[in-house]
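J.:
Numbering (the numbering used here), first residue to last: 14 to 417.
(1) Which value, in whole angstroms, describes the spacing of the CA atoms of residue 401 and residue 244?
(2) Please report the straight-line C-alpha distance between residue 48 and residue 138, rounded to a whole angstrom.
(3) Shortest alpha-carbon distance to residue 321 belongs to which of 262, 279, 313?
(4) Suppose contacts are defined by Cβ-Cβ distances below 8 angstroms. Is residue 278 in contact with residue 195 by that definition?
(5) Start and end of the alpha helix (DSSP H) containing residue 323?
(6) Rounded to whole angstroms, how far is the Cβ of residue 111 from the Cβ of residue 79, which I believe are closer than 8 angstroms?
(7) Excluding sequence positions up to five away, which residues of its chain have a Cβ less than 6 angstroms from the Cβ of residue 69?
(8) For the candidate residues 412, 269, 197, whose alpha-carbon lies nearest to that of residue 240?
(9) Taking DSSP as the reference, what is the three-state secondary structure of residue 70?
(10) Quick check on the burial criterion: 16 or more other C-beta atoms within 10 angstroms. Buried or exposed for residue 407?
(11) Take residue 272 as the anchor and find which of 178, 156, 360 has the nearest alpha-carbon.
(12) Does the beta-carbon distance from residue 347 to residue 88 come in below 8 angstroms?
(13) I need the straight-line Cα distance from residue 211 to residue 300, nearest angstrom please.
(14) Using DSSP with H/G/I as helix, E/B as strand and the rest coil, what is residue 150?
(15) Out of curiosity, what's the CA-to-CA distance linking residue 266 and residue 352?
(16) Who are the near neighbours of residue 280 in its chain, counting only those whose CB is closer than 7 angstroms to its CB and skipping five residues on each side?
(17) Does the distance from the CB of residue 225 to the CB of residue 315 come in under 8 angstroms?
(18) How big is the Cα-Cα spacing for residue 165 and residue 71?
(19) Just to confirm, is the Cβ distance from residue 202 to residue 36 under 8 angstroms?
(20) At which residues does the alpha helix (DSSP H) containing residue 204 begin and terminate?
(21) Report buried or exposed for residue 99, applying the criterion of at least 16 other Cβ atoms within 10 angstroms of its Cβ.
(22) Whole-angstrom Cβ separation of residue 374 and residue 77, contact assumed at under 8 angstroms?
(23) Do you know whose CA, among 290, 325, 230, lies nearest residue 270's CA?
(24) How about residue 340 and residue 282: are their beta carbons less than 8 angstroms apart?
(25) Can you give me the Cβ contacts of residue 91 inside the same chain, cut-off strictly under 8 angstroms, excluding the 5 residues immediately before and after it?
(26) Can you tell which of 60, 207, 345 has the C-alpha that lies nearest to the C-alpha of residue 181?
(27) Kindly indicate the opening and closing residues of the alpha helix (DSSP H) around residue 226.
(28) With distance defined between alpha-carbon atoms, name the residue in 134, 378, 128 nearest to residue 44.
(29) Going by C-alpha to C-alpha distance, which of 313, 297, 308, 343 sits closest to residue 335?
(30) Taking the alpha-carbon positions, what's the residue 190 to residue 344 distance?
(31) Considering only their Cβ atoms, is the gap separating residue 371 from residue 491 smaller than 8 angstroms?
(32) Between which two residues does the alpha helix (DSSP H) holding residue 284 run?
(33) Give the DSSP-derived three-state secondary structure of residue 408 in the structure shown.
(34) Please list the terminal residues of the continuous alpha helix (DSSP H) segment that includes residue 39.
(35) Within its chain, find whatever has a CB closer than 7 angstroms to the CB of residue 234; leave out the 5 residues flanking it on each side and keep chain order.
(36) Measuring CA to CA, which of 286, 56, 73, 248 is closest to residue 174?
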């Protein structure tokens, strides 16, 4: 125990000049592993489907059911585990994460793999619900936003590097090797959390299930959650089946898909940064234009998917817009909660995380229905654009409510 404490003190001292505790990097490493396991399955759908002898739409359930696990984990499990000490809960989440990915790597069949994905989704939901609170408690008040952004940088980094690398490993060594790799990331996150995260963390306000009806009953918050769900639903109608689209329609080789996913991830990272700056002053107005732009790009992709050069350009723009709305949506929800339901900011944010993943589940499931219908794989961008049209209408109504 003394050795562990000595390592923690040394690490904290090394970063003291920058004002950032070493525990933040433990959170970032864990966020990287969790983000990788969520999105890497997108690049592995054809590989998993071929190995398990299932259809690609059936393999798409690995995306939607994981998202449902996150949606349950974010508001519900976070509230139920509210009295558990933060470090104990954080370590327990990482153990659950390692078990879930380990089970996925040895899954004998599709049902076991689904169970492993849902289990990992539970860990994901709780982790990102408490991660922001822990990050904020580690630094002075004036540095809280920076601390939270550093933790979420792990998620962004996962999309940029973890997903392409995991896809490459899966394509060359089998998809099970990818889940073994993610389990190793989880073990690293677990170890650094044990060593670097302080034992006595400030608990903050505990989320309460009793406040959920109040949050869900607020009309302005409800429409903000609908914007989140529909906006990301439209994205994942296409994103879930991006690898099959690029191989079967655009005509890229499997090895090239990994590079395109890297380009897509870079666009997401850039879009996330720019989206936050644009949405700072007036999130609703910024979201309206971003959703409209995203819908137009999805519609454009319907026509450019058959052309290799144009499809890459379109996907770069789509990646930038698809995740640019994240900061604006989170800011909007917090602003509404602060004004209309003070004290429910954390619960409202948790519900918004759930809405994001409900959107992923609906979008990937809808994409699966489209792929198996007479419309086929090529029509997924068109259906995604219709989701965004609905999102734009919801945003317009939200602006009207805001003016009232």
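Positions of the beta carbon are idealized from the N, C-alpha and C atoms, including for glycine.
No experiment lies behind these values; they were computed from the predicted model shown.
T.: On the basis of the supplied data:
(1) Those two C-alpha atoms are separated by around 6 angstroms.
(2) 11 angstroms
(3) 262
(4) no
(5) 321-335
(6) Not confirmed; about 16 angstroms, so no contact.
(7) Result list for residue 69: 58, 62, 257, in chain order.
(8) 412
(9) Three-state DSSP puts residue 70 in a helix.
(10) buried
(11) 178
(12) no
(13) 38 angstroms
(14) helix
(15) Residue 266 and residue 352: Cα-Cα distance of roughly 52 angstroms.
(16) When the five nearest sequence neighbours on each side are left out, the beta carbons in the same chain lying within less than 7 angstroms of the beta carbon of residue 280 are those of 329, 332, 333, in order along the chain.
(17) No, these two residues do not count as a Cβ contact at 8 angstroms.
(18) 30 angstroms
(19) no
(20) 188-209
(21) buried
(22) 4 angstroms
(23) 325
(24) no
(25) 138, 139, 142, 143, 220, 363
(26) 60
(27) 225-229
(28) 134
(29) Ranking 313, 297, 308, 343 by Cα distance to residue 335 puts 308 first.
(30) 38 angstroms
(31) Because residue 491 is not part of the residues shown, which for the chain are 14 to 417, the question remains open.
(32) 267-291
(33) helix
(34) 36-65
(35) 228, 346, 349, 350, 361
(36) Residue 174 has its Cα closest to that of 56, out of 286, 56, 73, 248.
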